[in-house]
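Trainee:
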Amino acid sequence: MGKKITTLEYTQEKQAAQWLLFIGIIVVGSNLRAPLTSVGSLISFIRDDLGLSNTIAGTITTIPLLAFALLSPFAPKIASKLGMEKTIFISLIVLLFGIIMRSLSGIGFLFIGTIGIGLAIAIGNVLIPGYVKMNFPFRIGLVTGFYAVFMNIFGALGSGLSVPLSNINGFGWKGSLVSWSLLTCIAIIIWIPQLRRNVDSPLTANLTTTKKGSIWRSPLAWCITIFMGLQSLIFYTLITWLPDILRIHGYSASAGGWMLFLMQFALIPITFIIPVVAEKMRNQKLLSGLTGGLFIVGLSGLLLGNQVLIPIAIIMIGIASGSAFSLCMMFFSLRTQDGYQASEMSGMAQSFGYLLAAVGPALFGALHDISGGWQLPLCMLIGLSIVIFLVAIAAGKDQVIQVNET
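Following this line, the structure appears as structure tokens:
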């Protein structure tokens, strides 16, 4: 006869499994920005080494965003076929190969690897919010906060450490970029136990049994999508070009990288605080309005270019970015009726939203090439911040997406 499992032992096993799942979500989240943010501080080195124009160099950040836009609507459907855990595991494998390939010799490998990285990260971006809603229904804010914090900690480290790593003998920009494959290897190892949950995954079951309606007809869904897209456009544009912008104010490439680190470091505590606070509020209009206002003021300070104001402006932009990202993640859960709709909302927002965001880095670089300065591109971002202010307040209203079943 097999050993009888007591209620206490079953509870302990269940708690251990939840903790392991929580850690798995954290390590997956840690891989969702570093492979992208590590490029920003190295753009000038990559551009000069490969002889790229500013516009083409900007596409190094644009390509992953296009990959997000392409794959995001299909991520929930892929998960319903393969299983949530297996889909995330495969995405981590693709991410690992993308990081390695990006660092091989030649422009072709650079862009092919970048495409792979974008496709892999798109899976995690879309599936994690719905996965959290299904597996931690009473701790959505807390788990989302931890997930966002670790994602942004490693995103910040990607910006801050890239240039110092490239200065190590024999590393260069290629060695610096490939070093982030170690983090992906750790995530793959930690996620392996979750593959056993594949058959019984509550989200997988939900994905396959829940009736669907077209959220693409919902004005609220579009407000969330535009909010997601524009805040991503601003974030990824600055991830790409902030070090170059700061050069005209006397910053070295390394110092510019650390200012990029400061921007991302400033958003880290906010990405934890906002989900916890937002979950307790009846509506999030105040938080949304403050977020849009911080974008406007911070980017205006960067435009002025005063040596004293620049660090303050960068911190404000960081706080706004952290708040905006966290609110978007929370809206995927708070404005939807179930885990399936949360994944659909996430897919819509990150598809159309990142398609919108993909225009940012290349357009920003092109406007600089045309105007010969950073004033016109920065004015564009300030204008988009005003739009963020308006749609974010609309998304912050206390309501849930209502759709007709199809």
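Be aware that the sequence shown starts at 96, since it is given in the numbering used here, and climbs by one per residue.
Glycine included, C-beta positions come from ideal geometry on N, C-alpha and C.
Is it the case that the segment 391-404 contacts the segment 309-319, given that we only count it when at least three CB pairs across the two stretches are under 8 Å?
Mentor: no
Trainee: Helix, strand or coil, according to DSSP, for W114 in the structure here?
Mentor: On the sequence shown, position 19 is the one that residue 114 refers to. The answer is helix: DSSP assigns W114 an H, G or I state.
Trainee: On a CA-only basis, which of V258, I284 and V238 is nearest V372? Give me that one, please.
Mentor: On the sequence shown, position 277 is the one that residue 372 refers to. Taking only the C-alpha atoms, the option nearest V372 is V238.
Trainee: Using a threshold of 8 Å, state whether the C-beta atoms of I212 and G193 are closer than that.
Mentor: Along the sequence shown, read from residue 1 onward, the residue named residue 212 stands at position 117. Along the sequence shown, read from residue 1 onward, the residue named residue 193 stands at position 98. The Cβ atoms of I212 and G193 sit closer than 8 Å to each other.
Trainee: Ends of the alpha helix (DSSP H) at Q359?
Mentor: The sequence position of residue 359 within the sequence shown is 264, counting from 1. Taken as a continuous stretch (DSSP letters only), the alpha helix (DSSP H) holding Q359 covers A348 to K375.
Trainee: If we count the other Cβ atoms within 10 Å of its Cβ and call it buried at 16 or more, is L290 buried or exposed?
Mentor: Along the sequence shown, one-based indexing puts residue 290 at 195. It counts as exposed.
Trainee: Since I248 is in the alpha helix (DSSP H), which residue starts that stretch and which ends it?
Mentor: Taking the sequence shown and counting its residues from 1, the one referred to as residue 248 is at position 153. Where I248 is concerned, the enclosing alpha helix (DSSP H) stretches over I235 to S261.
Trainee: Let me check understanding here. Comparing Cα to Cα, which of G413, M411 and E439 lies closest to M424?
Mentor: Position 329 of the sequence shown, counted from the start, is the residue given in the question as residue 424. When only C-alpha atoms are compared, the closest one is E439.
Trainee: Where do the ends of the alpha helix (DSSP H) carrying L381 lie?
Mentor: Working through the sequence shown from its first residue, we reach residue 381 at position 286. Residues K380 to L399.
Trainee: Report the three-state DSSP secondary structure of F330 (helix, strand or coil).
Mentor: As a working note, residue 330 is residue 235 in the sequence shown. F330: helix per DSSP, three-state reduction.
Trainee: Start and end of the alpha helix (DSSP H) containing G434?
Mentor: On the sequence shown, position 339 is the one that residue 434 refers to. Note, G434: alpha helix (DSSP H), G434 to S466.
Trainee: Tell me whether the beta-carbon of V221 lies closer than 8 Å to the beta-carbon of A170.
Mentor: Locating residue 221 in the sequence shown gives position 126, where the first residue counts as 1. Locating residue 170 in the sequence shown gives position 75, where the first residue counts as 1. Yes; because the gap between Cβ atoms is below 8 Å, this pair is in contact.
Trainee: Give me the residue from N230, I368 and I195 with the minimum Cα distance to L277.
Mentor: For the purposes of this step, residue 277 is identified with residue 182 of the sequence shown, where counting begins at 1. For the residues N230, I368 and I195, the minimum Cα distance to L277 belongs to I195.
Trainee: Taking the alpha carbon of A486 as the reference point, which residue from Q326, G203, A152 and K375 has its own alpha carbon closest?
Mentor: For the purposes of this step, residue 486 is identified with residue 391 of the sequence shown, where counting begins at 1. Checking the displayed sequence, the identity of residue 486 turns out to be Val instead of Ala. Closest by alpha carbon: Q326.
Trainee: Does DSSP put T101 in a helix, a strand or coil?
Mentor: By one-based count along the sequence shown, residue 101 stands at place 6. If DSSP states are grouped into helix, strand and coil, T101 belongs with coil.
Trainee: Relative to the C-alpha of L357, which residue among F459, L337 and Q110 is closest?
Mentor: Residue mapping note: residue 357 aligns to position 262 of the sequence shown, counting from 1. The shortest C-alpha separation from L357 is found at L337.
Trainee: On a Cα-Cα basis, can you pick out the residue from L429, G388 and R430 that is closest to M411?
Mentor: The residue labelled residue 411 in the question sits at position 316 within the sequence shown. The shortest Cα separation from M411 among L429, G388 and R430 belongs to G388.
Trainee: On the three-state DSSP scale, how would you describe G203?
Mentor: Residue 203 sits at position 108 when you count from the first residue of the sequence shown. G203 falls in the helix class under three-state DSSP.
Trainee: Tell me whether K306 sits in a helix, a strand or coil according to DSSP, three-state version.
Mentor: As a first step, residue 306 is located in the sequence shown; it is residue number 211 there, counting from the start. Residue confidence is low: K306 scores 48 on pLDDT, short of 50, so the model does not pin down where it sits. No coordinate-derived value is stated.
Trainee: Apart from the five residues on each side of it in sequence, which residues of its chain come closer than 7 Å, Cβ to Cβ, to F140?
Mentor: Against the sequence shown, residue 140 aligns to sequence position 45. Excluding positions up to five away in sequence, the list reads S261 and W268.
Trainee: Quick one: what does DSSP say L49 is sitting in, helix, strand or coil?
Mentor: As shown, the chain starts at 96 and ends at 501. That puts residue 49 outside it, with no answer to give.
Trainee: What three-state label does DSSP hand A487 in the structure shown?
Mentor: Counting from 1 along the sequence shown, the entry for residue 487 is found at position 392. Helix.
Trainee: What's the gap between the Cα of I488 and the Cα of N264?
Mentor: Working through the sequence shown from its first residue, we reach residue 488 at position 393. Working through the sequence shown from its first residue, we reach residue 264 at position 169. Computed Cα separation, rounded: 50 Å.
Trainee: In whole angstroms, give me the CA-to-CA distance for W311 and F266.
Mentor: On the sequence shown, residue 311 is found 216 positions in, with the first residue counted as 1. On the sequence shown, residue 266 is found 171 positions in, with the first residue counted as 1. Going by the C-alpha atoms only, they are around 46 Å apart.
Trainee: Using three-state DSSP, classify N264 as helix, strand or coil.
Mentor: In the sequence shown, residue 264 corresponds to position 169, counting from 1. Coil at N264, not helix or strand.
Trainee: Jot down the residue ranges of each uninterrupted alpha helix (DSSP H) in the segment 165-197, minimum 4 residues, whole runs only, in chain order.
Mentor: 170-177 and 179-197
Trainee: Assuming contact is defined by CB atoms lying nearer than 8 Å, are I235 and V227 in contact in what I supplied?
Mentor: As a first step, residue 235 is located in the sequence shown; it is residue number 140 there, counting from the start. As a first step, residue 227 is located in the sequence shown; it is residue number 132 there, counting from the start. Closer than 8 Å, so yes.
Trainee: Buried or exposed, going by whether 16 or more other CB atoms sit within 10 Å of the CB of D295?
Mentor: The sequence position of residue 295 within the sequence shown is 200, counting from 1. Unreliable placement is indicated for D295, whose pLDDT of 45 sits below 50; no coordinate value is reported for it.
Trainee: Please say whether S349 and S133 have beta carbons closer to each other than 8 Å?
Mentor: Counted from its first residue, the sequence shown places residue 133 at position 38. Counted from its first residue, the sequence shown places residue 349 at position 254. Taking 8 Å as the cut-off, the Cβ atoms of S133 and S349 do not count as close.
Trainee: Assuming G384 contacts F484 under a Cβ cut-off of 8 Å, what Cβ separation, rounded to an integer in Å, is found between them?
Mentor: In the sequence shown, counting from the first residue as 1, residue 384 sits at position 289. In the sequence shown, counting from the first residue as 1, residue 484 sits at position 389. Indeed, because the Cβ distance is near 6 Å, the residues count as touching under 8 Å.
Trainee: Just the Cα atoms here: how many angstroms apart are E108 and I120?
Mentor: Numbered from its first residue, the sequence shown carries residue 108 at position 13. Numbered from its first residue, the sequence shown carries residue 120 at position 25. About 18 Å.
Trainee: Could you compute how far the alpha carbon of M443 sits from the alpha carbon of S428?
Mentor: Here the question's residue 443 lines up with position 348 in the sequence shown. Here the question's residue 428 lines up with position 333 in the sequence shown. About 13 Å.
Trainee: Can you tell me whether DSSP reads V403 as helix, strand or coil?
Mentor: Counted from its first residue, the sequence shown places residue 403 at position 308. The answer is coil: DSSP assigns V403 none of H, G, I, E or B.
Trainee: Hey, R430 and V495 are a contact pair by Cβ (cut 8 Å); roughly how many whole angstroms apart?
Mentor: Looking up residue 430 in the sequence shown gives position 335. Looking up residue 495 in the sequence shown gives position 400. The Cβ separation is near 6 Å, so the contact holds.
Trainee: In or out: I281 buried (at least 16 other Cβ within 10 Å) or exposed?
Mentor: What you label residue 281 is simply residue 186 of the sequence shown in a count that begins at 1. Exposed: under 16 other Cβ atoms inside 10 Å.
Trainee: DSSP state of F426, grouped into three classes?
Mentor: As a first step, residue 426 is located in the sequence shown; it is residue number 331 there, counting from the start. F426: helix per DSSP, three-state reduction.
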